[in-house]
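> What follows is a structure written as structure tokens; I'll ask about it next.
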Amino acid sequence: MVTTAMPQPVRPVRREQQAPAANPPAAPLPETAHVRTDNFSVYYHDHPAVNRVTLTIPAGKVTAIIGPSGCGKSTLLRAINRMNDFVPGARAEGQLWYCGQDVYGPNCDPVELRRRIGMVFQKPNPFPKSIFRNVAWAPKINGYRGDLEELVERSLRQAALWDEVKDKLDRSALALSGGQQQRLCIARAIAMQPDVLLMDEPCSALDPIATAHIEDLIDQLKTQYTVVLVTHNMQQAGRVSDRTAFMYLGELVEVDATDIIFTRPNNPRTQDYITGRFG
Amino acid sequence: MSSGLAASFLISRSAGRRKRLAGLLGHAALFLTASSSALAILFIFYYIFRDALPFFRQRGLREFLFSTAWYPSSPEPAFGALAIFYGSGLVTAGAVLFAVPLGVSAAICLSDTLPFRARQMVKPVIEILAAIPSVAFGFLALVVLAPHLQQHGGTMLAVVAGVLGLPVAALGTWVASDLCTTRWTGRTRQVLRGVAVLVLGAIALLALYHGVSFLKALQIASGTNALNVALVLGIMALPTIVSVSEDALQAVGRELREGAYALGATRAETMLFVVIPAARSGIAAAIILGIMRAIGETMVVWMASGNAAQIPTPWYNLLQPVRTLTATIAGDMGEADHVTGSARYHVLFAMALCLVVISYTLNLVSEHFVRRGGRVGRR
Amino acid sequence: MNLASRKLINRVFTSVGVLSILLMAATLVVIMGPIVERGLGAFIFRGTVEHRRVLLQQFGRGDREALEAESREVAAARRPVYDLLEAFEAQLTQGPAELRRQYRQPLNELKQHLQGLLGPFPGKPEPVLLRDRYGETRWDQARARCDHIVYAEHYDYSDPSRMGLLVRTPRAEQFAGTVLEPLFTYVPAHLEEMLRPRWTCYARFLTDVSYDSHFFGGIGPELLGTFYLTIGAILFAVPLGVVSAIYLTEYARPGSRVVALLRTCISTLAGVPSIVFGLFGLAFFINTLRVSPSKSVLAGSLTLGLLILPLVIRAAEEAIRSVPETYKLAALSLGATRWRTMVTVLLPAALPGILTGIVISMGRAAGETAPIIFTAAVSVGQPLALWQTFTEPTPALPWNIFNLCSEHQAVDEIRHVQYGMVFTLVLLVLLLNSTAIFLRARISRKLRG
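In structure tokens:
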């Protein structure tokens, strides 16, 4: 009785019928502006965690957001797929555009949005299910009609995990090592074939070898996905990202190509942070 | 990725409205289901009140609350429930008197004395005690405890008093002699203390002897009496008291304990003067929950209390049969069932109303204590 | 205070704590001891030939020919008893009227006990009551009965300051000098030949119906009734309780007034005395909603369901809350709706915890008596078929324990049935609870692993 009354995920078929009716086919998007914020703020109660940030995240690139802890970088990341909706007392102001559409506008369905924007969390968080069902879960609930096994294999291959787990797909995902679990979470996210992958300090709970694996993976993923990476590890940002944004106390201090940020930043505060004078 | 797919997170305004409406409906359905317990409690209050009202209309409040004449089935019925209220109170008080010291000291031992493994072994004991159905307790009270109490009640009581009293007397003598000679020092003190031990010890032993011989001479007319019920109700309330007060003691936290130990306090002093005062709201809540368990219990009192609607003489005499609210409802309903509308039927609902009000009040008080305890624990 | 006293107090304090724990454990042993020992006696006991006769004649079980052969041998062993009685009665009819008067009452008492021990006298018409058609079925009771045959008991109230004293006099003295005197040495000496006790395992006690208000047979209808009531209560309480828990944990705004009110209601419901639930069930489900014409399993289940609703809600809430937040976030970030997240991720992860709560609630529902007194329970009844549960009342273990030990006309003679019922009920509840403990241990292992 309750299931039918709850907001149902729109099945792909219906989605294709509906979307064009509501929105005239959008003009081809500029490659350079996949996600864009404009004077965007997030408040926890009355405290601004993200303050008037204007940032452009180009498609097909890896954008790293760095900054000392508490600077609002995770909040900004979670604002992109509206995960902050679940934080009591959180509220957004200003505009956040994705594919040229306002994410916080009245027409946006956050559930649909999150299918287009995948997310990987700080600590690996596979479901307590088998490896296969972890990856297949999201396509299944979204009514994926194709060959699930093929999709799972492709996702696991993309996440560079296939060779390690192909013989034990029905084992519990919790039996994997931390690094494998994190790659499984990435596989789970890309099984939905999103456009954007949000990564919230994906290596902070991992050892150096597993970290190296993930970084290699990010490097490969950027050919297909727009990656936004939050990290507290500047070397990591330097190694994997194309562009780097530096945030401090909720404000965006500077954003530029990574090599510029790390070699000749414009802002003295960026320089101080990069050189380790605070943070 | 086609642009149509890319923009597919957008929905039309009407679809959005539809979706929001569906969400709202779902939320409302969930809320309705969730409020079933609220509805239940409302209905319970309403239906009990509705059927209790005719009694108060017919007979008024005065007789019900202040008379001890309970003759519901005589041609000139009397519905004085005072003795029944008193019976409920007496067995509950007896149960609490027995269960609270035992339960709280067990909780202290569980939380602070026993090693982890021993605690793991004690936990199932408490769980089993809590799980045994009340009718099984009632059965044992009636079939096992009552005959024993009737035949060897005096001896049993005397043995218990002796076993408990002797160590208490010895400890009391020792500590009291220590306390009353603190003014002196050295040799004088030792001599004085020796004298004090002798004198106090003699007094204590004499008192104990008299007490025990008094108990031994006791004749118990019937094994189904308030003492029997109070004992069994105490056992039934134990698990609640132990587990809730253990939680409260655990919630006090290590910092306070370590602070006290660091000042050179013994474990007893730490517990008595620091931890227990900090956990007193939780312990109070535990005691109230125990009282609720005892006062609402039906089967044990029905089977083993003797069901005599009288105030024992003297008023504290636990060895006489009593009658409680719950047992009256359970026992009289069978006969009053078919005379719906009579005062005899409605008086039972009046009693149920009193029970509900009592348990509701106790529940509010315990919630208040729990909330206060939670605040202390968090700080 | 000096240090020695402080240390002494400390030691006493510790030992008081340990003692109270030991006392608690001892209480448990004292409680469980008689239940287990005498409860098992309902299942495993030395059954006499009469027991086998009951089984064959009432339940159609057993070896007819073997029983007939045994009956012949037993009858031969009993012959002298009846012969002695006959001879004595002949002596009486020939003797003076005074003699008849003197022995009328003792003889009747003796004959009653003999009938109780060995069944009806041969050649007499079959008694109306089933209980009078058979002798003692259990060896322990046969021995007690034999004791009553050998000794006459009465209470001595001559000292008004004391309670009545039990006085036992050998009946051989009562009948001294008559032809009956050898009977009192013959019966105890040949009791085994007359009754042929044999160790019996009566496992069908659990499923057999009972005859003549539990004198013979088992507790099948009671067990079935308890089963129906428990399952019914769970069917009613679990959906409501789990959905309530879902609402409280995931949908309600935490800390809002409504939630606080709901919580107060739930804890109030948990604190309502069980007998009040019984009254409410009678007044609401039966007299107002008229779910059934009078008492029925349905009404009892609904009442019990209401009783365990708060337990289920709390358990489910705790279980859902203990699912790591990350599962929820992961599911939501993959584009699942809240309901989907709940049903496909949170509930499966919380399932062991919820099951633990359900199993504990089942134990509670199975053992409660007060709510079913007015709504579902009857003292005697046949096992119900499933469709009858909507309209018919049923016997149930807890109610029948009460009924048999306080309202039955022959309380002492069916003690074993009472203990058997208590044992079965306690075992049932403890099994459910240990299932719960096992489930909980698995959860904590899983969380650790």
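Residue numbers (our numbering), protein chains in the order written: chain C, 970 to 1248; chain P, 302 to 680; chain L, 561 to 1009.
Heads up, the beta-carbon is just placed ideally off N, CA and C, and yes, glycines get one too.
Since the model is a prediction, treat every value here as computed from it, not as a measurement.
#1: Provide the residue span of the beta strand (DSSP E) that contains residue 1023 of chain C, from first to last.
#2: State whether the stretch 622 to 634 of chain L contacts the stretch 696 to 714 of chain L, with contact taken as three or more CB pairs (one from each stretch) at a distance under 8 Å.
#3: If you draw a straight line from the alpha carbon of residue 590 of chain L to that of residue 983 of chain L, how long is it in whole angstroms?
#4: Of the choices P:571, P:322, P:425, whose alpha-carbon is the least far from that of residue 997 of chain L?
#5: Verify the CB distance criterion: does residue 567 of chain L have a CB-CB separation below 9 Å to chain P?
#6: Does the distance from the C-beta atom of residue 569 of chain P to that of residue 569 of chain L stay below 9 Å?
#7: Only counting runs of 4 or more residues, tell me where the alpha helix (DSSP H) segments fall wholly within the stretch 1095 to 1171 of chain C, in order along the chain.
#8: State the Cα-Cα distance for the pair residue 644 of chain L and residue 663 of chain L, rounded to the nearest angstrom.
#9: So which of L:624, L:860, L:833, L:697 has the shortest CA-CA distance to residue 938 of chain L?
#10: Closer than 9 Å, CB to CB, is residue 312 of chain P near chain C or not?
#11: Would you kindly work out how many angstroms separate the C-alpha atoms of residue 731 of chain L and residue 619 of chain L, rounded to a whole number?
#12: Can you find the residues in the same chain that come closer than 6 Å, C-beta to C-beta, to residue 762 of chain L, ignoring five residues on each side of it along the sequence?
#13: Looking at the C-beta of residue 1054 of chain C, does it have a partner C-beta in chain P at a distance below 9 Å?
#14: Could you tell me if residue 367 of chain P is buried or exposed, where buried requires 16 or more neighbouring beta carbons within 10 angstroms of its beta carbon?
#15: Can you tell which of L:891, L:605, L:785, L:792 has its C-alpha closest to the C-alpha of residue 958 of chain L?
#16: Mind checking the stretch 825 to 854 of chain L against chain P and listing, in chain order, the residues whose C-beta falls within less than 9 Å of any C-beta there?
#17: Considering only the alpha carbon of each residue, which of L:913, L:707, L:835 lies closest to residue 649 of chain P?
#18: Is residue 905 of chain L close to chain C, meaning its C-beta is less than 9 Å from at least one C-beta of that chain?
#19: Between the stretch 584 to 601 of chain P and the stretch 349 to 367 of chain P, are three or more C-beta pairs nearer than 8 Å?
#20: Mind listing the chain P neighbours of residue 821 of chain L? Cutoff is C-beta to C-beta under 8 Å, in chain order.
#21: Here's the rule: buried if 16 or more other CB atoms are within 10 angstroms of the residue's CB, otherwise exposed. What is residue 1084 of chain C?
#22: Please state the DSSP three-state secondary structure of residue 761 of chain L.
#23: Please report whether the beta-carbon of residue 1113 of chain C lies at a distance below 9 Å from any beta-carbon of chain P.
#24: Give the secondary structure of residue 1012 of chain C by DSSP, where H, G and I count as helix, E and B as strand, and everything else as coil.
#25: Secondary structure at residue 316 of chain P, three-state DSSP: helix, strand or coil?
#26: Beta-carbon within less than 7 Å of residue 539 of chain P's beta-carbon, same chain only, minus the 5 sequence neighbours each way: which residues are those?
#27: Hey, residue 894 of chain L and residue 1158 of chain C are a contact pair by Cβ (cut 8 Å); roughly how many whole angstroms apart?
#28: So residue 402 of chain P is in the alpha helix (DSSP H); what residue range does that whole segment cover?
#29: Classify residue 1101 of chain C as buried or exposed, calling it buried when 16 or more other Cβ atoms lie within 10 Å of its own Cβ.
#30: On the criterion of 16 or more Cβ atoms from any shown chain inside 10 Å, does residue 701 of chain L qualify as buried, or is it exposed?
#31: Closer than 9 Å, Cβ to any Cβ of chain P: which residues of the stretch 578 to 601 of chain L, in chain order?
#32: Should the stretch 756 to 775 of chain L be called in touch with the stretch 595 to 613 of chain L, which here means at least 3 C-beta pairs below 8 Å?
#33: Looking at the C-beta of residue 892 of chain L, does it have a partner C-beta in chain C at a distance below 9 Å?
#34: Going by C-alpha to C-alpha distance, which of P:477, P:342, P:481 sits closest to residue 833 of chain L?
#35: Under 7 Å Cβ-Cβ, which residues of chain P neighbour residue 804 of chain L?
#36: Roughly how many angstroms separate the alpha carbons of residue 929 of chain L and residue 606 of chain P, rounded to a whole number?
In short, the structure shows the following:
#1: 1016 to 1026
#2: no
#3: 14 Å
#4: P:425
#5: yes
#6: yes
#7: 1100 to 1110, 1117 to 1127, 1131 to 1134, 1147 to 1159
#8: 15 Å
#9: L:860
#10: yes
#11: 37 Å
#12: 603
#13: no
#14: exposed
#15: L:785
#16: 825, 826, 827, 828, 829, 830, 831, 832, 833, 834, 835, 836, 837, 838, 839, 840, 842, 843, 844, 847, 848
#17: L:835
#18: yes
#19: no
#20: 339
#21: buried
#22: strand
#23: no
#24: strand
#25: helix
#26: 400, 403, 404, 430
#27: 7 Å
#28: 383 to 409
#29: buried
#30: buried
#31: 578, 579, 580, 581, 583, 584, 585, 587, 588, 590, 591, 592, 594, 595
#32: yes
#33: yes
#34: P:342
#35: 334, 335, 337, 338
#36: 17 Å
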